[in-house]
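In the working numbering, the protein residues as written are 116 to 263.
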Amino acid sequence: MGELRAGARIGTWLVCGIAGLAILYMVGAFAFGGAGWITAPFRGEAEERERTVGSGAFRLTTYEEFFDLCEAVQNAEGTILALQQERESASEARRAQIDQSVTALRATRIESVNDYNTKAAQEHRAPFRDKDLPYRLDADAEKTTCTA
């Protein structure tokens, strides 16, 4: 009977040990997996921010992009002005061509202004707009100034 009791005691310890390991595994899986699941949104946002805003290439490209967009607006304005001056001494056929070109350039200018304003309003791009560049461009203005 002593051996039977000893065997039962060993079996009980064995079952309790296996159950304890299973419980410990579940608690560990929840603690580490649960913590990872709870912090996933924060970690994902931080990683995304580091990949884009923290990237030197992103910073430089965005900084230059504002200048490029403002320059595109100024280029369209300059071309419109040159065409309007040419129109005064142009033939009737050439005037029709100039009118079409001016209309297309005005549309292109408005697109560039809207693109600039949209990007200037984006939270992750706005910090990289040069302080001398305007906060917003005016689509109705005849002349755009890109530096203060």
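For each residue, glycine too, the CB sits at the ideal point set by N, CA and C.
Would you say residue i touches the ligand ZN, meaning its beta carbon is less than 7 Å from a heavy atom?
i	result
Y178	The ligand ZN is not part of the structure shown, which contains no ligands of any sort.
Which residues in the same chain as residue i place their Cβ atom closer than 8 Å to its Cβ, once the five residues preceding and following it in sequence are excluded?
i	result
A191	L220, R221, T223, R224 and S227
A123	none
With distances taken from CA atoms, which of the options is nearest residue i?
i	options	result
L198	A172, T218 and E186	T218
L175	Y250, R240, S206 and E207	R240
N229	R251, E238, E186 and Q212	R251
E257	G193, A235 and C131	G193
A254	Q237, E238 and T233	T233
Assuming contact is defined by CB atoms lying nearer than 8 Å, are residue i and residue j in contact in what I supplied?
i	j	result
F181	L248	yes
Y140	L184	no
T259	Q215	no
C261	E203	no
If you drop the 5 nearest sequence neighbours on each side, which residues of the same chain put their C-beta closer than 7 Å to that of residue i?
i	result
R178	The sequence given here has Tyr at residue 178, not Arg. Counting only Cβ-Cβ distances below 7 Å, and skipping sequence neighbours, we find F243 and D245.
A205	I213
In the DSSP assignment, the alpha helix (DSSP H) including residue i goes from what residue to what residue?
i	result
C185	G171 to R202
A236	E207 to A236
Can you give me the Cβ contacts of residue i inside the same chain, cut-off strictly under 6 Å, excluding the 5 residues immediately before and after it?
i	result
I195	V217 and L220
R210	R202
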